[in-house]
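These notes concern the structure reproduced below.
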Amino acid sequence: MKKFVMFLAIGGMLVGAGMAMADAPAAPAAPVPCTRTKFETKTAEDACKKGGQEEAKKAFKAWLTEAKAKDATLTCKTCHANMAPKFDLNPDALKKFKDLGGK
Ligand code: HEC
Numbered sequence: 005m006k007k008f009v010m011f012l013a014i015g016g017m018l019v020g021a022g023m024a025m026a027d028a029p030a031a032p033a034a035p036v037p038c039t040r041t042k043f044e045t046k047t048a049e050d051a052c053k054k055g056g057q058e059e060a061k062k063a064f065k066a067w068l069t070e071a072k073a074k075d076a077t078l079t080c081k082t083c084h085a086n087m088a089p090k091f092d093l094n095p096d097a098l099k100k101f102k103d104l105g106g107k
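Residue numbering for the sequence shown follows the working numbering, starting at 5 and increasing by one per position.
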């Protein structure tokens, strides 16, 4: 009888461990990488390396808030022909970005 109890106890521990592993939260999803792999700007390069497109969006939103002081008509679409997932640039986007003090 004693052996049987031990067996149950150990069995229970194993099952418990198995469940704990199954219940463990999944690793956070990897960030969506930026479309670009070559960068002309430090803003995009740093943000994309740090946290992919989500981080790049944040970086550009923050930058846009400041750049609007110089050009109030500025929006994402001033420079981007389309948004997620490609964020294609208008032909003069990079020049505008630099002219407005972007790095
Ligand atoms: C003044 C021009 C300009 C404006 C305004 C602008 N961007 Fe950009 N954006 C760029 C340029 C230039 C790049 C490419 C940078 C590089 O090659 O290093 C870029 C790249 C990006 C990328 C990286 C995309 C990828 O996957 O490679 C994201 C995301 C992005 N911009 C989001 C935004 C958002 C969101 C806004 C509006 C809040 C915005 N941008 C406004 C010029 C601009």
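Where a beta carbon is used, it is the ideal one built from N, C-alpha and C, also for glycine.
Just checking residue 72 against the ligand HEC - is the residue's beta carbon closer than 7 Å to any of the ligand's heavy atoms?
Every heavy atom of the ligand HEC is 7 Å or more from the Cβ of residue 72, so no.
Quick check: the stretch 31-46 against the stretch 98-106, are at least 3 beta-carbon pairs closer than 8 Å?
Counting Cβ pairs under 8 Å, three or more are found: they touch.
Taking its Cβ as the centre, do 16 or more other Cβ atoms sit within 10 Å of residue 88, making it buried, or is it exposed?
It is exposed - the Cβ of residue 88 has fewer than 16 other Cβ atoms within 10 Å.
Helix, strand or coil, according to DSSP, for residue 98 in the structure here?
It is helical.
Using a 10 Å radius around the Cβ and a threshold of 16 neighbouring Cβ atoms, would you call residue 33 buried or exposed?
When all chains shown are included, residue 33 counts as exposed.
Given a cut-off of 8 Å on the beta-carbon distance, is the pair residue 78 and residue 85 in contact?
Their beta carbons are not under 8 Å apart, which means residue 78 does not touch residue 85 by this criterion.
Would you say residue 77 touches the ligand HEC, meaning its beta carbon is less than 7 Å from a heavy atom?
Checking every heavy atom of the ligand HEC against the Cβ of residue 77, none is found closer than 7 Å.
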